[in-house]
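Trainee:
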Amino acid sequence: MQQNHNDINSNDNERVANLKKELLDQDFRDAVGTISKEGNRNYIYPQRPFGKLYNLRSYFSYFYLILFFTLPFIKIEGEPIFLFNVLEGKFIFFGQIFWPQDFFIFAIGLLTFLVFVILFTVAFGRLFCGWACPQTIFMEMVFRKIEYWIDGDANQQKKLKAMPWNAEKIRKRITKMVVFFLVSFLIANFFLGYIIGIDRVGLMVQEGVFIHFGVFSSLMIFTFIFFFVYYWFREQVCLIVCPYGRLQGVLLDRNSILVAYDYVRGEPRGKLSDPTENKGDCIHCSACVRVCPTGIDIRNGTQLECVNCTACIDACDEIMDHIDKPKGLILYASENNIAQKQKTTYTWRLKLYTGVLVLLLSFLAVLLITRDDVSARVLRTPGQMYQKLPENKISNLYNIKLTNKTRRLIHLDLKLENIEGEIKLINPVDVPKESYYQTSFFVILKKGVIRKRKTELKIGLYNKGSRVETTTAIFIAPSL
Ligand code: SF4
Ligand code: SF4
191 MQQNHNDINS
201 NDNERVANLK
211 KELLDQDFRD
221 AVGTISKEGN
231 RNYIYPQRPF
241 GKLYNLRSYF
251 SYFYLILFFT
261 LPFIKIEGEP
271 IFLFNVLEGK
281 FIFFGQIFWP
291 QDFFIFAIGL
301 LTFLVFVILF
311 TVAFGRLFCG
321 WACPQTIFME
331 MVFRKIEYWI
341 DGDANQQKKL
351 KAMPWNAEKI
361 RKRITKMVVF
371 FLVSFLIANF
381 FLGYIIGIDR
391 VGLMVQEGVF
401 IHFGVFSSLM
411 IFTFIFFFVY
421 YWFREQVCLI
431 VCPYGRLQGV
441 LLDRNSILVA
451 YDYVRGEPRG
461 KLSDPTENKG
471 DCIHCSACVR
481 VCPTGIDIRN
491 GTQLECVNCT
501 ACIDACDEIM
511 DHIDKPKGLI
521 LYASENNIAQ
531 KQKTTYTWRL
541 KLYTGVLVLL
551 LSFLAVLLIT
561 RDDVSARVLR
571 TPGQMYQKLP
581 ENKISNLYNI
591 KLTNKTRRLI
601 HLDLKLENIE
611 GEIKLINPVD
621 VPKESYYQTS
631 FFVILKKGVI
641 RKRKTELKIG
651 LYNKGSRVET
661 TTAIFIAPSL
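The numbering used here numbers the first residue of the sequence shown as 191 and each following residue consecutively.
#1: Where are the alpha helix (DSSP H) runs, 4 residues long or more, that stay fully inside the region 322–399, in chain order?
#2: Rounding to the nearest angstrom, what Cα-Cα distance links Leu273 and Ala378 in this structure?
#3: Between the alpha carbons of Lys517 and Ala297, how many angstroms are there, rounded?
#4: Below 9 Å between beta carbons: does that hold for Ile584 and Phe631?
#5: Compute the distance between the beta-carbons of Leu547 and Leu309, then report whether it is under 9 Å.
#6: By Cβ distance, which residues of its chain are closer than 7 Å to Met410, with the 5 residues on each side in sequence left out?
#7: Terminal residues of the continuous alpha helix (DSSP H) containing Ala313?
#8: Can you find a CB in chain D that lies within less than 9 Å of the CB of Lys541?
#9: For Ala450, list the residues DSSP reports as bridge partners.
#10: So, is Asp504 buried or exposed, given that buried needs 16 or more other C-beta atoms within 10 angstroms?
#11: Label Leu606 either buried or exposed according to how many other C-beta atoms from any shown protein chain fall within 10 Å of its C-beta, with 16 as the threshold for buried.
#12: Among Tyr588, Tyr627, Met575 and Val633, which one has its Cα closest to the Cα of Ser669?
#13: Please classify Arg657 as buried or exposed, where buried requires at least 16 other C-beta atoms within 10 Å of its C-beta.
#14: Which residue or residues does DSSP assign as beta-bridge partners of Val633?
#15: According to DSSP, is Asp620 helix, strand or coil?
#16: My understanding is that Gln237 touches Ala352, with C-beta atoms under 8 Å, so please give their C-beta distance in whole angstroms.
#17: Looking at C-alpha atoms only, which residue of Glu659, Leu635, Val639 and Tyr626 is the closest neighbour of Gly279?
#18: So is the beta-carbon of Cys475 under 8 Å away from any non-hydrogen atom of ligand 2?
#19: Do you know how far the Cα of Pro458 is from the Cα of Leu214?
#20: Cβ of Thr604 within 9 Å of Cβ of Leu615?
#21: I'd like the list of long-range same chain contacts for Asp596, defined as Cβ closer than 7 Å, with 5 residues on each side in sequence excluded.
#22: Going by other Cβ atoms of all chains shown within 10 Å of its Cβ, with 16 needed for buried, is Glu212 buried or exposed?
#23: Return the Cβ separation of Leu557 and Ile295 in integer angstroms, given the expectation that the two are a contact with Cβ distance under 8 Å.
#24: Kindly identify the DSSP beta-bridge partner or partners of Arg489.
#25: Just checking my contact of Asn498 with Arg316 at CB under 8 Å: how many whole Å lie between their CB atoms?
#26: Is it right to say Arg489 is buried, meaning 16 or more other beta carbons lie within 10 angstroms of its own, or is it exposed?
#27: At a cut-off of 8 Å, would you count Val568 as near ligand 3, judging by its Cβ distance to the nearest heavy atom?
#28: Thinking just about the alpha-carbon of each residue, which of Ala663, Lys648, Tyr451 and Thr311 is nearest to the one in Thr571?
#29: List the whole-angstrom C-beta distance separating Cys496 from Ile486, where the pair is believed to meet the contact cut-off of C-beta under 8 Å.
#30: Tell me where the beta strand (DSSP E) around His601 begins and ends.
#31: Please classify Asn594 as buried or exposed, where buried requires at least 16 neighbouring CB atoms within 10 angstroms.
#32: For Ala529, is the classification buried or exposed, using 16 other Cβ atoms within 10 angstroms of its Cβ as the cut-off for buried?
#33: Give me the DSSP bridge partner(s) of Ala663.
#34: Answer with buried or exposed for Thr260, where buried requires no fewer than 16 other C-beta atoms within 10 angstroms of its C-beta.
#35: Would Lys636 pass as a contact of Gly655 if the rule is Cβ separation under 9 Å?
#36: What three-state label does DSSP hand Arg424 in the structure shown?
In structure tokens form, the structure reads like this:
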């Protein structure tokens, strides 16, 4: 009896000890690696990464940078191929102009994009962050490279920080600030180019700061934001600001492919000099930690801070090469790949998201194909009821508001579609390209065709004989 009691106690103690150990092991999840317990910033000095994946990412980044700096100059019929003019409510995607009237298409487009992001994240984790996110591209492939060039690698950067303010430190700090500011200014110009068009940016720069003070102010605000982000704020954007990182917790599952540490192969870790037998392959060299731009240890498992930049894969592969072990101790893999040695499968969750995405894409395609070139809204002119005309005729006055979404002037003829009558235009309906246009017209009906006090009219808008839009209006007649 006493023996049993002792066994139970020792089992409990062991369980508690294990639990405590587990809790202690999870301590890193209570804090962001770049913020100290006192709430101060832990500035990260990642070592310059190199390796196969880093080279590949560099090539991708050159491609994105070329795209970013050349797309604003690519035009279709005189308009940029992409424009996000939130100020004037004009958006161009792949040369197609969208107006606030296309809000529904825009909303469905956004929803489709969101489902695509979810599907992609469930399958591949934060692959986008490491390989295509503009923040990572500019930070790691532009500004970080400039920093290595001016300040040197991580150790030299730390030395420079600790150094008193001597000539070398002042020269390097000023050089870095000036270069970072100029690059930020360049990016801000192109960023603004995507909003108002690069030609307008060029024209405004030529005409001078004082004539276009508003635009110049926006340019400087963007420049300072970029400078602040890349000079100081850096990985905090991914850790604190970006909502996408926060989504990982709900989107990832055991089948999502991520940058992961193969703990089955790596543990128990131990130094090369450690004589313990049955050690795992991890030699506890911390090379993977030293290159991490968000300051984490991937061996602690998937973490919110990991932007899947692959720097730790390259660093660990290099170590494995040195100690004659197979590469891939840190690799792209899912939890099930590592723990269960299962192959990647197309799960029911992925199938479901794919189904929703296909439906949304089809719907979006239909909306885009059937999108009207012209949109019209007809309203009775306020304060006007009806006018009695000779020959037993009644007229109503209407205002028509039109949007021409095309790149050509459109001349329109108006016809009554559901009732016999006449439309008398006050001005010809010539809607300039990519513009809003407003005019008025009379609808004149004979009393004989009017059956009730309020009649719904269907009005067809015709361009060169073919109908481009149908709209409705209410015709008011005296009581019958
Ligand atoms: S680089 Fe590889 S071997 Fe070195 S600590 Fe990281 S996982 Fe272990
Ligand atoms: S853990 Fe690896 S992949 Fe993740 S951010 Fe750090 S270096 Fe990049």
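No residue lacks a Cβ here, since even glycine has one placed at the ideal position from N, Cα and C.
Mentor: Working from what's here:
#1: 324–328, 334–341, 344–352, 357–386 and 388–397
#2: Leu273 and Ala378: Cα-Cα distance of roughly 15 Å.
#3: 45 Å
#4: no
#5: yes
#6: none
#7: Unbroken alpha helix (DSSP H) run through Ala313: Phe293 to Phe314.
#8: Absence of chain D from the displayed structure is noted, only one protein chain being present.
#9: Per DSSP, Leu521.
#10: buried
#11: Here Leu606 is buried: its Cβ has 16 or more other Cβ atoms, across all protein chains shown, within 10 Å.
#12: Met575
#13: Exposed is the call here.
#14: Asn586 and Ile613
#15: Correct three-state label for Asp620: strand.
#16: Going by Cβ atoms, the distance from Gln237 to Ala352 rounds to 17 Å, so no, they are not a contact pair.
#17: The residue among Glu659, Leu635, Val639 and Tyr626 with its C-alpha nearest the C-alpha of Gly279 is Tyr626.
#18: no
#19: At Leu214, the pLDDT of 46 sits below 50, so the modelled position is not reliable; the number obtained from the coordinates is stated separately. Distance between the alpha carbons of Leu214 and Pro458: 17 Å.
#20: A small fix is needed here, since residue 604 is Leu in this sequence, not Thr. Yes; because the gap between Cβ atoms is below 9 Å, this pair is in contact.
#21: Inspection of the sequence shows that residue 596 is occupied by Thr rather than by Asp. Asp563 and Lys623.
#22: Any reading at Glu212 is ruled out, since the residue's pLDDT is 48, under 50, leaving its predicted position unreliable.
#23: 5 Å
#24: Partner(s): none; Arg489 has no beta bridge.
#25: 4 Å
#26: buried
#27: Questions concerning ligand 3 fall outside what the structure shown contains, since the ligands it does hold are ligand 1 and ligand 2.
#28: Ala663
#29: 6 Å
#30: Ile600 to Leu606
#31: In the assembly as shown, Asn594 is a buried residue. Its beta-carbon has 16 or more other beta-carbons within 10 Å.
#32: exposed
#33: Leu647
#34: exposed
#35: no
#36: coil
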